[in-house]
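Worksheet: the structure to be examined is printed underneath.
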Amino acid sequence: MDILVCVKRVPDTAENEIEVNKSGSDIERDDLVYSVNEWDNYAVEEAIQIRDNVGGTVTVVTIGDDESEEVLRREMAMGADSGILVSDKAFEGSDGKGIATLLKAVVEKGKYDLILTGAQADDGAGQVGGMLAAMLDYPYASLVNKVEVKGDALTVGREIEGGNQEMNEISLPCVLSIQTGINEPRYVGIRGIRKVASVEIPTYGPGDLGVDASLVGTAGEKVKRLDYFVPVLGEGAEMLEGSTEDIIAKLIEYLKAKGGLK
Amino acid sequence: MADIYAYITHKNGVADDSALELLTAAKKIDAGAAVTAIVTGAGDVDKVAAEVAASYAKVFTYKNDALAYPNAEVVRKLLITAVPKGAILLVPHDTFGMDLSPGLSIKLDAVFLSDVTDIEGVSGTTLKAIRQEYSGMVSTHVTCDIAGGAVVNVRPGAFPPDESKSGSGAVEDKSGTIGDLSAKRKFLEVVEAEVGDVDITKADVLVSIGRGIEDQDNIEIAQELADAMGAVVSCSRPIVDAKWLEKSRQVGTSGQTVKPKVYLACGISGSFQHLGGIKGSPFIVAINKNPKAPIFQVADVGIEANIVEFLPELTEAIKEL
Amino acid sequence: MDIHSFFKYYIKIRKGEQEQNMENALIAPAQYVFLFIPTIIFSLLIPIIGVAIFAYIMALRMAPLAKAAPDKRFDQIPQRIFNVLKIWLAQYRQPRYRTAGIVHIVIFFGFLILSIRSCSLVIIGLAPDFVMPGFDGVIGHIYNVLKDYAATGVLIACCIAAWRRVVVKPARYAVPAKYGKDHTAEALFVLGLISTLMISESLFEATEVAANAKAGLHVEFLAPLSLVWFFRLMLMAASEGVLQGLHIIAYYIHDLTFFFFLCFLPLGKHFHVITSLFNVFFMRVRRGNIKPVRYGIDEDALDQLESFGVKKIEDFTWKHLLDFYSCADCGRCSDNCPANAVGRPLSPRFISIKGRDTLFKNYPIYPYGAAFKKSEPLIGSVYEEDEIWSCTTCGACEQECPIGIEYIDKIVDLRRGMVDEGLVPQSLQKPLKAIEKRGNPWGKMEKKRAEWTSGLPEGVTVKDITKEPADMLYFVDSITSYDDRMQSIGQATAMILAKGGADFGILGKDEKDAGNEIRRFGEEMLFQNVKQMNTEAILESGATRIVTADPHAYNVLKNDYTGLPPVTHISQFIAQSVKSGALRLKSAQDNKVYTYHDPCYLGRHNDVYDDPRAALDAISGLKRVEMERCGDRSFCCGGGGLMLFYEPEEEQRMGVLRVEMAAKAGANVIVTACPFCLVNMEDAIKVAGLEGQMEAIDLSELVAQHLA
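Protein chains in written order, with the numbering used here: chain B, 125 to 386; chain R, 3 to 323; chain U, -4 to 703.
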């Protein structure tokens, strides 16, 4: 099975304190560290495991600047066979739909039986996989936490509310967005990345993909981000005092307001 | 202003809480909108339709055996024809909405707004909304042109439900308009989570207990509160050490990393290993008998109390709501 | 007496002895004829066949060693000879277990003494008048008495050992089902062999002495109350025929048993009888450090290596394979292993036993000419992932092993192999990645690394050594820099340094995690990375000495880094400053009872035992008790560094056991000198439900409280 996994380089929320810059135009990026989006890492591990079971190839693709090559190398160090970097000035600022448009062009340039994305990214909207599938007219399943190959089809489990699992049969080719916890991604250290440091990674630009420039980049942006701001949060604990009834009444008010009661 | 539709999710013949929240969101887009609810399904459709008809201006029902389980691929196929060009469709951003909406927006050639937590309004054909990024650490204002229609996924719980019951009660059976519903994805079954196999990382509300629970028998107290709140019980390391709860329930650097909206830290002092497992700035309520417990420094609301006494009272109060 | 006349005298005595020996009442095995067969044939065949089989077995046993990874064990010869004299010959570590140790020492010295007698016996089978060169005079007589008592002692020791095996059954000998079959039968069998050797040797001699005595010939002096002495007493009544028969039978039983035993040794745990001498000679000489990925490959050439660490059995170094052969299965390592004590899936003894069994299986000695088996990956077949991650690298096992078997380097090599294969628990991947990105396992921002200094009292300033030169660099390390609770250790350390008159500064955001656990968890390249960055920063700072309050940083900077200024631990600084008068401490104002918990990386790995105690004792009036496990037998708190992020299955926490030990010693304050110990102790006090009765404090905090 030939598998394409779409990955993204994102600020690592586990290792960053995300703050908004002074003008509110962006988050403070000076002290950020980046890594591959956590969900995408699970998707790559799943692709590798499928390949190791049934044969085939794993290709990882990302859209971004030159620095995004780093995440491709990390995923190749995990075991992906090849990488594709989609990069051009014209692609910068693409929204989810723009990204899906570019990925569609990548898919059509190759031949893939299965396309995996992460279910979401910390700086995204969890939309690219579904859009890409619709553009390709492929079936789609999101939040996938189990994949089993059954000939020309897959049995996939989706994580739904209450920790339950929705089982589906889905025909190939298809697009799946992968949920964390589906597997245990293998560790990649500096050594692994150095081992694939010299592997050639092709860069696709507008000429290679033949996409309409008006559909991608800022030109094709349908949803515009105006600013960033920090949601208002309390400073330290507000100690609830008074009689137990008073405290409980106040607490319930808070719980209701914060979505703590269903 | 464009027509506004709301997709109603339901289970066991009862509409989801999001049904009325979508109405609030719709009215934030257009206060005077006559919002149409869409109810799809097989047996339960009429019952659900009657329930939401009290609130919505119109209810369209689509009954078909293929819609018995909300398979997003099938529902999407239906909605492509059911939602007119240029309309705004509101969908709850739950596991179904995430599955449905991105692809639907492409098929409808409409813009897609994902996981909206608030709507500021519409000026001209520009919709302005609020979303969160980076696990809720920052929020952003986003705008989009809704002239060509929009699919808006609304975060469950972000909008208060519209309890005005100002609906007309009109239910229209549109089952006759249903076209081909064949899909390349076939729903098989729902595998229920095993007891004791709860994924605390996905819970929105956690009742988390620590050593303050004192005794294994008291775990029940926390479970009862969690049941009343619709929450899940998690814990700190000592509880797992004592084998009172399984390891999968442990929050912390060595346990699970959780991203709830609300975190009730009951009898947890708040070691850094524990706090390291809580991400995404949830609303933290700390209940501890030690006023100097470090958890109070990071909590939003603090209560100085013995949880073994306090929690049952809280449970009672919530049950009475 | 000049040498010439001595030689003459020697010849004379020898002649005399030989003449005496000629007159024996019994026919020697070399001259005996049994059913027309001269038994000398057996005297010849048994040794030849025995030595041939032994040589064959040994050649196969050495085969994997030849294929193993290189090791560097021919350096520091004087130290190695010293180790052999102290640990092998003087059995220095044996009495740490009193009864077993004494029993072993008796058997060990008995073997040493009797090896001469056994060798000469073999030759006597061919040449009845043979006497070991040098043993035909006074020395010979003294030796005879010695060996009589030795044989007696060994036999008694064997009985005690057998009684321990059968009746006492010390827990450390038990083999849990998951690790294989019980070893008692093998142990008893060998004790039987040894006893047979002792009895047959004594009987051989006793029959001859008895016969000679009865015939009124020369009688060799027998050590009173020795085994042979008793035998002679019993045999005085026997007829000459019986004595002759017994004499010959005893001889050949001894001969057969001797060569059987020789060939049996390399088949099991008694291989140590042969290998221990070499194992001790080659044992680790340096402490605290970790072996390079591969000896002979420079750190900057590591990229050229195809594979890292140990994946299959031959990836171990030859010394590590020799360790497997040498393990006597005594269980002392596991008896002291904290991981084993809390029920983690690790027992160091079985790291060795399972390794040895794998070697035996892959290099079969039977049938003759059997092909070597292809080596399978060790992880998943011989060792389990959790087993290998369970080790805190506390070093208690290595400290205890009477024959210098190493575990930490093996565990680290196995981890290197797992890291290379991507087999890293998810809970460890996050901190490792955070260190790669941010230089600390929590992924906190670099610029906040010095934020702890904002909590310092007025008058105490900490220089940023990257901007302002200072004589001394305080290496804070990650946990003290970032953890709210542990920051107080940093503040206390700064106060002590300031009061002690040190001109010091910190690296601030330029400091990375020192990497003690990064290396010990097998992520060598990441370790090399932080090491390089820290080394550059430290050297650039111009500091002439380094101080740290974190024993893990202390250890790695001192033992794994190279080319740095000298490193001291804050406890050493305190002890020295108190001695020189630079620091003065107030007396204790409480009635608490303190006990000092030796951090593994300060004590066992670096021998810093006395300075922290001296620092405590400098607080006059402080009541201090020792726990039963202290000094080099200190019990690990649960492990530091990355161990905080990994929790194997365990029945209880190490820290809880440790806190209970402190309570048993009558203490109500545990003083540690390591932030990780403090984390674990404070947690353990809560878990053990001892809040209010027990507290934990860092030495630096305690001293800072008592600064005069």
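Where is the CB? At the ideal position from N, CA and C, for every residue including glycine.
What residues from chain B crowd round N511/U, counting only those whose CB sits closer than 8 Å? Along the third sequence, read from residue 1 onward, the residue named residue 511/U stands at position 516. What N511/U touches in chain B: nothing, since even the nearest Cβ is about 17 Å away.
Can you tell me which of R515/U, K574/U, C625/U and Q688/U puts its alpha carbon nearest to the alpha carbon of K286/U? The count along the third sequence starts at 1 and reaches residue 286/U at position 291. Closest option to K286/U, Cα to Cα, is R515/U.
Please classify W158/U as buried or exposed, where buried requires at least 16 neighbouring CB atoms within 10 angstroms. Taking the first residue of the third sequence as 1, we reach residue 158/U at position 163. Under this definition W158/U is an exposed residue.
Is C669/U helix, strand or coil when you go by DSSP? Counted from its first residue, the third sequence places residue 669/U at position 674. It is coil, neither helix nor strand.
For my contact list, A39/R and V54/R are in at a C-beta cut-off of 8 Å; report their separation, rounded to the angstrom. As a first step, residue 39/R must be located in the second sequence, where it is residue number 37. As a first step, residue 54/R must be located in the second sequence, where it is residue number 52. Yes, A39/R and V54/R are in contact; Cβ-Cβ is about 5 Å, under 8 Å.
Same chain only: Cβ atoms within 6 Å of D478/U, ignoring 5 sequence neighbours per side: Counting from one through the third sequence, the residue named residue 478/U turns up at place 483. Counting only Cβ-Cβ distances below 6 Å, and skipping sequence neighbours, we find nothing.
Against chain R, with Cβ distances strictly below 8 Å, would R282/B count as a contact? Against the first sequence, residue 282/B aligns to sequence position 158. Chain R, which has a Cβ nearer than 8 Å to the Cβ of R282/B, makes this yes.
Kindly say whether P240/R, judged by its beta-carbon, lies nearer than 8 Å to any beta-carbon of chain U. The residue labelled residue 240/R in the question sits at position 238 within the second sequence. Taking Cβ atoms only, chain U reaches closer than 8 Å to P240/R, which makes this a yes.
Can the beta-carbon of I325/B be found closer than 8 Å to that of G207/B? As a first step, residue 325/B is located in the first sequence; it is residue number 201 there, counting from the start. As a first step, residue 207/B is located in the first sequence; it is residue number 83 there, counting from the start. Taking 8 Å as the Cβ cut-off, I325/B and G207/B qualify as a contacting pair.
Between the CA atoms of D415/U and L357/B - distance to the nearest angstrom: Along the first sequence, one-based indexing puts residue 357/B at 233. Along the third sequence, one-based indexing puts residue 415/U at 420. Any answer about L357/B is weak, because its pLDDT of 42 lies below 50 and its placement is not dependable; what the coordinates show is given next. Looking at the two C-alpha atoms, the distance is approximately 43 Å.
How about V354/B: is its C-beta nearer than 8 Å to some C-beta of chain R? Within the first sequence, numbered from 1, the residue matching residue 354/B stands at position 230. Yes, its Cβ sits closer than 8 Å to a Cβ of chain R.
DSSP-derived helix/strand/coil call for A17/R: Sequence index remark: in the second sequence, residue 17/R carries index 15 (1-based). Of the three classes helix, strand and coil, the one that applies to A17/R here is strand, per DSSP.
Continuous beta strand (DSSP E) assignments of at least 3 residues falling wholly in the region 564 to 647 of chain U: Counting only runs that start and end inside the region 564 to 647 of chain U, the beta strand (DSSP E) elements of at least 3 residues fall at 588 to 591 and 618 to 620.
Backbone CA spacing between N511/U and S476/U [nearest angstrom]: Along the third sequence, one-based indexing puts residue 511/U at 516. Along the third sequence, one-based indexing puts residue 476/U at 481. N511/U and S476/U: Cα-Cα distance of roughly 16 Å.
Please list, in chain order, the chain R residues whose beta carbon lies closer than 9 Å to that of K176/U. The count along the third sequence starts at 1 and reaches residue 176/U at position 181. Taking the beta carbon of K176/U as reference, no residue of chain R falls within 9 Å; the closest one sits roughly 31 Å away.
Bridge partners - L227/B, DSSP secondary structure assignment: For the purposes of this step, residue 227/B is taken as the residue at position 103 of the first sequence. Answer is none; L227/B lacks a bridge partner.
Could you pull out every residue in the same chain whose Cβ sits closer than 8 Å to the Cβ of Y144/U, ignoring the five residues on either side in sequence? Walking along the third sequence from the start, residue 144/U turns up at place 149. Here the set comprises A218 and S221.
Could you confirm whether any beta carbon from chain R is found closer than 8 Å to the beta carbon of P263/B? Here residue 263/B refers to the residue found at position 139 when the first sequence is read from its first residue. Yes, P263/B lies at the interface with chain R (some Cβ there is under 8 Å from its Cβ).
Work out the CA separation of V354/B and G253/B for me, nearest whole Å. As a working note, residue 253/B is residue 129 in the first sequence. As a working note, residue 354/B is residue 230 in the first sequence. The alpha-carbon atoms of G253/B and V354/B are separated by roughly 28 Å.
Kindly say whether A249/B, judged by its beta-carbon, lies nearer than 8 Å to any beta-carbon of chain R. Along the first sequence, one-based indexing puts residue 249/B at 125. At a cut-off of 8 Å between beta-carbon atoms, A249/B makes contact with chain R.
Going by the beta-carbon positions, is the gap between C396/U and C328/U smaller than 8 Å? The residue given as residue 396/U occupies position 401 in the third sequence. The residue given as residue 328/U occupies position 333 in the third sequence. For C396/U and C328/U, yes; Cβs fall inside 8 Å.
Can you check whether the C-beta of D136/B is within less than 8 Å of a C-beta belonging to chain U? Sequence index remark: in the first sequence, residue 136/B carries index 12 (1-based). True, the Cβ-Cβ gap to chain U drops below 8 Å.
Going along the chain, which residues of its own chain have a beta-carbon closer than 7 Å to the beta-carbon of G291/U, five neighbours each way excluded? As a first step, residue 291/U must be located in the third sequence, where it is residue number 296. Only P65 meet the Cβ criterion.
C-alpha distance - I8/U paired with A122/U, whole-angstrom precision: Your numbering for residue 8/U matches position 13 in the third sequence. Your numbering for residue 122/U matches position 127 in the third sequence. With a pLDDT of 49 at I8/U, under the threshold of 50, the predicted position of this residue should be treated as unreliable, though the coordinate-derived value follows. Approximately 19 Å between the Cα atoms of the pair.
Return the Cβ separation of L597/U and P561/U in integer angstroms, given the expectation that the two are a contact with Cβ distance under 8 Å. Stepping through the third sequence from its first residue, residue 597/U is reached at position 602. Stepping through the third sequence from its first residue, residue 561/U is reached at position 566. Not quite, the Cβ-Cβ distance comes to about 16 Å (not below 8 Å), so this is no contact.
Between the Cα of I221/R and those of G279/R, C268/R and T259/R, spot the shortest distance and give me the residue it belongs to. Translated into positions along the second sequence, residue 221/R becomes position 219. It is C268/R whose Cα lies nearest to the Cα of I221/R.
Answer yes or no: does any C-beta atom of chain B fall closer than 8 Å to that of F516/U? Numbered from 1 along the third sequence, position 521 holds the residue referred to as residue 516/U. So no, F516/U is outside the interface.
Chain-order list of residues whose beta-carbon lies under 8 Å from that of I735/U (same chain, five-residue window excluded): Residue 735/U is absent from the model: chain U starts at -4 and stops at 703.
DSSP state of R514/U mapped onto helix, strand, coil: As a first step, residue 514/U is located in the third sequence; it is residue number 519 there, counting from the start. Helix.
Partners in chain U for D155/B, counting only beta-carbon separations shorter than 9 Å: Stepping through the first sequence from its first residue, residue 155/B is reached at position 31. Result: M440, E441 and K442.
If contacts are defined as beta-carbon pairs under 8 Å, then I190/R and V76/R qualify, I think. What distance do you get, rounded to the angstrom? Within the second sequence, numbered from 1, the residue matching residue 190/R stands at position 188. Within the second sequence, numbered from 1, the residue matching residue 76/R stands at position 74. Just to set this straight, residue 190/R is Leu in the shown sequence, not Ile. Actually they do not touch by this definition, with Cβ atoms about 13 Å apart.
Are the region 153 to 170 of chain R and the region 112 to 120 of chain R touching, with three or more C-beta to C-beta distances below 8 Å? yes
Measure the alpha-carbon distance for G305/B versus Q258/R and round it to whole angstroms. As a first step, residue 305/B is located in the first sequence; it is residue number 181 there, counting from the start. As a first step, residue 258/R is located in the second sequence; it is residue number 256 there, counting from the start. The straight-line gap from Cα to Cα measures roughly 11 Å.
Residue-chain proximity (V185/U, chain B), Cβ-Cβ < 8 Å: Residue numbering aside, residue 185/U sits at position 190 when the third sequence is read from its first letter. It does not: the Cβ of V185/U has no partner Cβ on chain B nearer than 8 Å.
Simplified DSSP assignment, three categories, for S238/R: For the purposes of this step, residue 238/R is taken as residue 236 along the second sequence, with counting starting at 1. Assigned with DSSP and collapsed to three states, S238/R falls in coil, not helix or strand.
Taking its Cβ as the centre, do 16 or more other Cβ atoms sit within 10 Å of Y361/U, making it buried, or is it exposed? Working through the third sequence from its first residue, we reach residue 361/U at position 366. An exposed status is given to Y361/U, since fewer than 16 other beta-carbon atoms sit within 10 Å of its beta-carbon.
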